[in-house]
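Residue numbers (my numbering): 735 to 1441.
For glycine and all other residues, C-beta sits at the position ideal for the given N, C-alpha and C.
Because the structure is a prediction, the values reported are computed rather than measured.
The structure is reproduced here in structure tokens:
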């Protein structure tokens, strides 16, 4: 059998690296043929090689969400006995209820035969700006059913034994408002699959079919084994995280993504059962999207140095009943799934896995706060200055701030970690392909979450039209009233999104200072934009790590001088005191920080157990240690306060205080059904954690280690 093939370690590594580089060859083919800036500039696509059963053996360095989803399409084909799969066939699909994330993500999968034998499948996917539906860009905020959204292609043979079915292609393109752009990308997909076919055939003819299949299986087995070894070295326990999104396109309701992680031995169990019921609007995702969101959080957090393939997912179980906002049932609308529920699933998975890592002395240095918690959406369509139909899906929102690390600040404009190589187009490129004009694109002040290590700043921009009088804009986001970029160990979340619109803000090409501006909120939807209007937006920064009062005062001063933070943040959040010459007054800073700590616990009436000397046998964070005394295991702060005995449910002994937001230096708006609670050490006043939670419930214990 294939599993009994014997090859040298050198041969294995040569073939393994060829298979990995093959996905890069596929990327080059796709970007060379595509005419869409979403593909050519922003890399919103996916390439992968799959086993005949739909398990992926290698993938490119693009959107991780798509890796298991293209495999779902292949398994759908395998399950249909009436589908005859032959050499040279290619199958197109985009139906979220079959195996896509949302309708804009068009997929193409092709079997790879060599000498009549099925060796593998190749898969490619990219976001297409418009695939039909009742609104331009196929994002329909007012949709109440998937029937009102973009055209759904369940699984159709587009290429039959090497011959393109022009009638099928014409049917698909007829549904789109941008048939030329979509058609070019689909032909680029075909070229991409052809490249994979040629490369695999070359490998098979050199090394043999059994050897190539053996290597692909071994790649998956090796990744599974490495992750299992890593998991076995991490503490067993139950970990919890949640994240939220607001406004379903119809009403400003609040929806929760709740994940309970059970880690035992070398297995992970993600349970989303306590998440909100599915929405009447387009923010839902199907189960395929849920698994994609888990993948987007799992791979960069635990598999950062392990080849990404099916083996990593084999270590995981994902549980959730049907009918949730993350497991919507037909015919619920799912048009904005990728930037709404799937993105928030990924946030929650990132948060819960980093809580697990923080409990390991071996891996605590790898912990990171949540990155760029939202993907705000701006689409623009109409006719350009030449009378041609145009459409733009702006990818600039990928330039949110990345979360702080355990040992350093987050990367400004670092973007999400669900895409290993996030990128955006140059300003000039966007202006070249669309009738846009940028007033500015720059890093925004105070957007990185405060902490001992600060979150990365987000980008902000202002746009107007260039060369045309009017166009149709679609503007939407989540995270305008939810801080999705959660911090760790007392770090603040990154900023929330702010969207503003100025009518008649440009007169004769010059900004009008007396223009009327309005805040848009999360889901303004379609807006008739004119060349006299300006759209402004600031995205979410990354979360911080650790108590801001423990940040090196020199770094705070440097941030202040460079415009990274405001004076309010420097004095009220980081607690520095400046001398008359503008430098740090160290004595004054120490006194001010102590005063701020005292204010955190000034109303404490209870007596707390304190121990002066202890030797940690484990940890929950840099400020929460697990120790043992007189046969009892307990959680102790670095100040010696005993917060819990017999378990790691440390919140029962900490001081909680509701934070009033927004406040100067912390640009965070909260939904009416949300609040933020800070937890402090009762002895020293150190900030231990910040929770974002529903107003009618207190946060759950999020780290319960098996002692």
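DSSP-derived helix/strand/coil call for residue i
i, result
"residue 1446", "Absent from the model: residue 1446. The displayed extent of the chain is 735 to 1441, so no value can be given."
"residue 1260", "strand"
"residue 1336", "coil"
"residue 905", "helix"
"residue 1038", "coil"
"residue 1226", "coil"
"residue 1311", "coil"
"residue 782", "strand"
"residue 1202", "coil"
"residue 1220", "coil"
"residue 760", "helix"
"residue 1316", "coil"
"residue 1245", "strand"
"residue 1284", "helix"
"residue 1274", "coil"
"residue 1209", "strand"
"residue 775", "coil"
Of the listed residues the options, nearest to residue i (C-alpha basis)
i, options, result
"residue 980", "1014, 1319 and 1002", "1014"
"residue 1332", "1309, 1319 and 1350", "1309"
"residue 942", "777, 1394, 740 and 1020", "740"
"residue 1104", "1094, 1083, 1098 and 902", "1083"
"residue 1176", "1188, 1189 and 1193", "1193"
"residue 1213", "987, 1195, 861 and 1386", "987"
"residue 1205", "1191, 1217, 1222 and 1169", "1169"
"residue 965", "1003, 940 and 1149", "1003"
"residue 899", "922, 823 and 930", "823"
"residue 1390", "1433, 856 and 771", "1433"
"residue 1383", "1368, 1007, 1396 and 1139", "1368"
"residue 1401", "1336, 1258, 1111 and 1217", "1217"
"residue 1395", "1386, 1385 and 1409", "1409"
"residue 1291", "1281, 1304 and 1111", "1304"
"residue 938", "750, 1378 and 1421", "750"
"residue 1031", "1054, 1044, 1081 and 997", "1081"
"residue 1134", "817, 1121, 1122 and 1148", "1148"
"residue 1012", "1055, 974, 1000 and 976", "1055"
"residue 1441", "969, 1306, 1150 and 1370", "969"
"residue 1156", "1315, 778 and 1346", "778"
"residue 1178", "1158, 800 and 1294", "1294"
"residue 852", "1047, 891, 786 and 792", "786"
Residue environment, residue i, which counts as buried when at least 16 other CB atoms sit within 10 Å
i, result
"residue 1058", "buried"
"residue 896", "exposed"
"residue 1210", "buried"
"residue 1244", "exposed"
"residue 1273", "buried"
"residue 1252", "exposed"
"residue 1241", "exposed"
"residue 1039", "exposed"
"residue 1074", "buried"
"residue 771", "buried"
"residue 745", "exposed"
"residue 1102", "buried"
"residue 849", "exposed"
"residue 883", "buried"
Neighbourhood of residue i by C-beta distance below 7 angstroms, restricted to the same chain and skipping five residues each side
i, result
"residue 1079", "991, 1024, 1027, 1028 and 1060"
"residue 1350", "1359, 1360 and 1361"
"residue 774", "765 and 768"
"residue 820", "895"
Cβ neighbours of residue i in the same chain (closer than 6 angstroms, five flanking residues each side left out)
i, result
"residue 1233", "1254 and 1271"
"residue 1302", "1398 and 1399"
"residue 1418", "1373"
"residue 1277", "1103, 1104, 1137, 1183, 1189, 1219, 1220, 1221, 1225, 1227 and 1228"
"residue 1377", "1369, 1384, 1387 and 1388"
Close beta carbons around residue i, own chain, < 8 angstroms, minus the five adjacent residues each side
i, result
"residue 936", "none"
"residue 1202", "1116, 1117, 1118, 1119, 1169 and 1265"
"residue 1141", "1099 and 1187"
"residue 1195", "1130, 1172, 1173, 1174, 1175, 1176, 1270 and 1271"
CB contact check: residue i to chain D, cutoff 7 angstroms
i, result
"residue 850", "Among the chains in the structure shown there is no chain D, since it carries only a single protein chain."
Jot down the residue ranges of each uninterrupted beta strand (DSSP E) in the stretch 918-959, minimum 3 residues, whole runs only, in chain order.
Within the stretch 918-959, there are no complete beta strand (DSSP E) runs of at least 3 residues.
Continuous beta strand (DSSP E) assignments of at least 3 residues falling wholly in the stretch 795-856:
Within the stretch 795-856, the complete beta strand (DSSP E) runs of at least 3 residues are 824-827 and 839-848.
Which ranges would you report for the alpha helix (DSSP H) in the stretch 1110-1179 if only whole runs of at least 4 residues count?
Fully enclosed alpha helix (DSSP H) runs of 4 or longer: 1161-1167.
Every unbroken alpha helix (DSSP H) inside the stretch 1048-1113 [4 residues or more]
For secondary structure counted as the alpha helix (DSSP H) over 4 or more consecutive residues, the stretch 1048-1113 holds these complete runs in sequence order: 1075-1092.
What are the uninterrupted segments assigned as beta strand (DSSP E) that are 3 or more residues long and contained completely in the stretch 1328-1404, given in chain order?
With a minimum length of 3 residues, the continuous beta strand (DSSP E) runs that stay inside the stretch 1328-1404 are 1350-1353, 1358-1363, 1366-1371, 1376-1379 and 1389-1393.
So within the stretch 961-1029, which uninterrupted beta strand (DSSP E) runs reach at least 3 residues, ignoring any that extend past its ends?
Whole beta strand (DSSP E) segments, 3+ residues: 971-980, 988-998 and 1001-1005.
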